[in-house]
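Peer 1:
Number of protein chains: 2
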Amino acid sequence: MNNKPCIALVTCLSAFLAISFPVFAADNEPGKTVKQLQADALVSDLAWDTLASLTSEVGPRMGGSDGDLLAVDWAVDNMQKLGFDRVWKEPVTFPRWVRNHESAAVMSAEKDGKRIVVQPLAITAIGGSPSSNGTLLAEITEFDSIEALESASNEAVKGKIVFLSTRMRKTHDGAGYGETVSNRSRGPFVAAEKGAAALLIRSVGTDNNRLPHTGMMSGSLQGPRVPSAAISNPDADNLMLLVEKGAPVVVQLDLDVGFDGEATSYNVVGEFNGRDDSGKHILIGAHLDSWDLGTGAVDDGAGVALVMAAAKMVADLPTRPRNATRVVLYANEEQGIYGGKEYARKHAEDLSGFIVGAESDLGADRIYRLKASTLPTAQITIDFLAHHLKALGIVYEADKPAYGGADVGQMRRLGMPAIDLNQDASRYFDLHHTANDTLDKVNPQNLQQNLAAWVTLVFITADSTDTFGPLPVAE
Amino acid sequence: MNNKPCIALVTCLSAFLAISFPVFAADNEPGKTVKQLQADALVSDLAWDTLASLTSEVGPRMGGSDGDLLAVDWAVDNMQKLGFDRVWKEPVTFPRWVRNHESAAVMSAEKDGKRIVVQPLAITAIGGSPSSNGTLLAEITEFDSIEALESASNEAVKGKIVFLSTRMRKTHDGAGYGETVSNRSRGPFVAAEKGAAALLIRSVGTDNNRLPHTGMMSGSLQGPRVPSAAISNPDADNLMLLVEKGAPVVVQLDLDVGFDGEATSYNVVGEFNGRDDSGKHILIGAHLDSWDLGTGAVDDGAGVALVMAAAKMVADLPTRPRNATRVVLYANEEQGIYGGKEYARKHAEDLSGFIVGAESDLGADRIYRLKASTLPTAQITIDFLAHHLKALGIVYEADKPAYGGADVGQMRRLGMPAIDLNQDASRYFDLHHTANDTLDKVNPQNLQQNLAAWVTLVFITADSTDTFGPLPVAE
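Order-wise, the sequence lines are chains Z and S.
First residue of the first sequence: 1, per the working numbering; consecutive thereafter.
First residue of the second sequence: 476, per the working numbering; consecutive thereafter.
1. Could you please tell me which residues of the stretch 101-133 of chain Z, in chain order, have their CB closer than 8 Å to any CB of chain S?
2. Identify whether residue 715(S) lies in helix, strand or coil by the three-state DSSP scheme.
3. Can you give me the Cβ contacts of residue 936(S) inside the same chain, cut-off strictly under 6 Å, excluding the 5 residues immediately before and after it?
4. With 16 other CB atoms within 10 Å as the buried threshold, where does residue 767(S) fall?
5. Report the neighbours of residue 770(S) on chain Z: residues whose CB is nearer than 9 Å to its CB, in chain order.
6. If you pair each beta-carbon of the stretch 208-216 of chain Z with each one of the stretch 103-117 of chain Z, do three or more pairs fall below 8 Å?
7. So, at 8 Å on beta carbons, what are the nonlocal neighbours of residue 176(Z) in its own chain, with the 5 sequence-adjacent residues on each side left out?
8. With 8 Å as the C-beta to C-beta threshold (strictly closer), list the residues of the stretch 519-548 of chain S near chain Z in chain order.
9. Where does residue 532(S) land, buried or exposed, given buried means 16+ other C-beta within 10 angstroms?
10. For residue 658(S), would you say it is in contact with chain Z, using Cβ-to-Cβ distances shorter than 9 Å as the test?
11. Given this structure, state the Cα-to-Cα distance separating residue 303(Z) from residue 348(Z), to the nearest angstrom.
12. Have a look at 654(S), 614(S) and 550(S) and flag the residue whose alpha-carbon is nearest the alpha-carbon of residue 638(S).
13. Going by beta-carbon coordinates alone, are residue 906(S) and residue 916(S) separated by less than 9 Å?
14. Any residues in the stretch 437-449 of chain Z with a beta carbon nearer than 8 Å to a beta carbon of chain S? Which ones, in chain order?
15. Comparing C-alpha positions only, which one of 764(S), 812(S), 815(S) and 751(S) sits nearest to residue 800(S)?
16. Between which two residues does the beta strand (DSSP E) carrying residue 138(Z) extend?
17. Three-state secondary structure (DSSP) at residue 582(S)?
18. Any Cβ of chain S within less than 9 Å of the Cβ of residue 208(Z)?
19. With a CB to CB cut of under 7 Å and the five nearest residues on each side skipped, what residues in its chain are close to residue 952(S)?
20. Would you verify that the beta carbon of residue 171(Z) is, or is not, closer than 9 Å to some beta carbon of chain S?
21. Just to make sure I have the definition right: I need the residues of chain S whose C-beta is within less than 8 Å of the C-beta of residue 435(Z). Which are they?
22. Quick one: list the residues of chain Z neighbouring residue 716(S), beta-carbon separation under 7 Å, in chain order.
23. Cutting at 7 Å between CB atoms, please list the residues of its own chain near residue 926(S), excluding the five before and the five after it.
24. Near residue 848(S), what residues of its chain come up, given a Cβ to Cβ distance below 7 Å and the 5 sequence neighbours on each side ignored?
25. At the 9 Å Cβ level, is residue 89(Z) part of the contact set with chain S, yes or no?
26. Starting from residue 594(S), follow the beta strand (DSSP E) in both directions and report where the run begins and ends.
27. Here's a check: name, in chain order, each residue in its chain whose Cβ is nearer than 6 Å to the Cβ of residue 744(S), leaving out the five neighbours to either side.
28. Alpha carbon to alpha carbon, how far is residue 191(Z) from residue 334(Z)?
29. Assuming residue 74(Z) contacts residue 54(Z) (C-beta within less than 8 Å), just tell me the rounded distance between them.
30. Just the C-alpha distance for residue 183(Z) and residue 367(Z), rounded to the nearest angstrom, thanks.
31. Taking just the CA atoms, how far does residue 787(S) sit from residue 286(Z)?
32. Judging by CA-CA distance, which residue of 557(S), 748(S) and 560(S) is the nearest neighbour of residue 797(S)?
33. Answer yes or no: do residue 632(S) and residue 734(S) have a C-beta to C-beta separation smaller than 9 Å?
34. For residue 754(S) versus residue 850(S), is the C-beta distance shorter than 9 Å?
35. Closest Cβ-Cβ distance between residue 715(S) and chain A: below 9 Å?
36. Answer with yes or no whether the minimum CB distance from residue 720(S) to chain Z is below 9 Å.
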């Protein structure tokens, strides 16, 4: 017990319970350790070198591809090299989707019974798309939102290539993504319902490069879907110029893609022991797979590198935190959170061993916000964490719940407490799911700021004796 | 004669000769006309609309392609619509080079006698490259400059894929291009001389997108050349990470490209009469062809739109300038200045009819500098021009000669006077010869500033009675 006066309810409450950290007593031992960890992280090359190794030696690693299995080997190998006390793999099985060929072009008007290619379009198939079974030729019909498509008559759409032209807004928190991603997730089904021949969407992305953004269509919707692809923003702009002229715009589309049996990949798990034999561990995660177009540097190589590096730096302290640190690199997040869901299914029974979980999966730009969802009994630890993250320019928003991320969030749904370290997403959707997702887009200083936040989180939560959860679960 | 004192030699000299514009008397009739033209140009949509039409309705127009002939039809049609007094075509013949397929990938180490693709590379063949005749597999040998390659022993290079990794500097005036373009122009020949299997160069470009920069190899060098391609800057960075690890890096390359017979395209010429029947005209030009990867918005659609729009605006004045304005849209500049050379060959005898020439071929960003190469007898006109361009933020550098541009410069070599309106090239080499050369990269306000400068140039030079040339020709 410390002898500071109780100044706030949560502090008093926490002080009454078992406390690991005197709040704001930054010169105590844990506080000193955190400061040293942060200082070391801010000049550490470990996350950068790990990320450079993954992106150059493995590169693209789409779930179910050769690169995916290379990545699994890389992860096991590199966790072992970093000295994790235990490293293991847990199999994850899913439908394999393949991309063999994709092309499209605006065609000329017919002359002597023939059309010639006028403008090749920069396109990429939407994950889960069926094949076009050869070349498909049809007129474009444009809608500026999926709602407008839903309101259209079947006659207006039948046999045509639907073009959804909605542009994504650029925002700090990535809110524009949620506003437009239904074009990709639901569009293929709505277009099929209306009798369309195919779907083209303006990429769900905020850049203006000729590099289309892929991504998965909904895995939970049932029923037919049309061959579907995203075109780059400049191509969408160009198509709009043609559409606005009023003459028919005819497009040729060839998608040789589709599902092809099953594949098995792995959640790769590594654990560093704590100094106590508590049987409890924190969970930090990222997804190991990427899309096939880039090298997955920001999505989610940076997350992989950060959680591996943060766990290693904390484990290398002269005195380890009380509890263990478990790092999970999830399989095939991109095509349906397969790794995250399988992990939660498999470990639902062990829930009490998981102190708290956190995930890094929004690139590598600066972390600006902390959110936490724990029982009030862990508030003193969260306050201590918030106090130390403030030094890194991170603001604690106590009134907002933590989400836990796509993969780790699957355990959050079962009642595991979660902490979010939110990254600035302004640039993220310039790169997201494109060929441009490569190492050169990562700012080394921003990555170090992330690492400093993650070592802070790992050390403070893994060393805490507070009770974080389990949280009540919504029915 | 005006009654201002002679304050500088050139002004006095000009004042002594035939003078069309009293220097700096900005409220005279020509000065008023210029000011009104500039004001109109700064709010005009004409260049933008012309550019949008070319890039959307025609798009890519590589010399000798279907798109090239579409562009010729577009140019004739649009010049006629704009009311040019005469529009005609002059044939230009050249070897046709075609790009059917191009791909490359970093391969895994051999395992059970097989290699798998680890990383597809974003590549594009260098114009003029021969085919690889199927898939070629070889180890990379890296050099940081063409000089380093030249110094290497044949044994170090033989049978390998040479990788020239030199990075282009970003500069205001595009000087970095001249420093690195020899990798592309001479590299294929030097690599062949050393016995290399193929050549990969880091793109001659300043961006970091996964969009490689094409461009032609030298047309004047003789002898064998290897299959050659450019890789994007991020791919080059990635390859460097692998090269620096020291283990052999094996790349698979497939270029189905090459020369295929001859093609005929056209210089498209349009002329507006002057108000006098002087038999003389100014020449303003741009090249109509583009590379095949983008829609040629900045290279050189913007130039095409600017010279067409500037000629039209000046021709629409209540009183036309004294002399005619000739617009030449040149064929196939990209693959060897075929249109410019043919035009100069054909019109060498008419040299005395060309008052002065100017070209727009460095994108669409703001013009910051005026240069002129004329006889001193035209200095008063140049000073008047400089005075009015100053209002647009353009500085006259009297001590620097004008180049005339790649195409118009062919007439400059014969003695035709030239004026350069230099554009800010800082962004130009981010886009140059890539798929990213599209309309969205053009800033409408910058295009209007260009147009304002061009109408100023067209009106003042076409209305002048000064003697501009011919200039002495270097032997």
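Even glycine gets a Cβ: it sits at the ideal position worked out from N, Cα and C.
Peer 2: Inspection of the coordinates gives the following:
1. 106, 108, 116, 117, 118, 119, 120 and 122
2. helix
3. 757 and 831
4. buried
5. 119, 234 and 238
6. no
7. 168, 169, 170, 206 and 429
8. 527, 530, 531, 532, 533, 534, 535, 541, 542 and 545
9. buried
10. no
11. 24 Å
12. 614(S)
13. yes
14. 438, 439, 440 and 441
15. 751(S)
16. 136-143
17. strand
18. yes
19. The question about residue 952(S) has no answer, for chain S in this structure spans 476 to 950.
20. no
21. 597 and 685
22. 52 and 56
23. 516, 519, 522, 781, 784 and 785
24. 876, 877, 892, 893 and 946
25. no
26. 592-596
27. 563 and 803
28. 23 Å
29. 6 Å
30. 29 Å
31. 59 Å
32. 748(S)
33. no
34. no
35. Checking the listed chains, one finds no chain A in this structure; the protein chains it contains are Z and S.
36. yes
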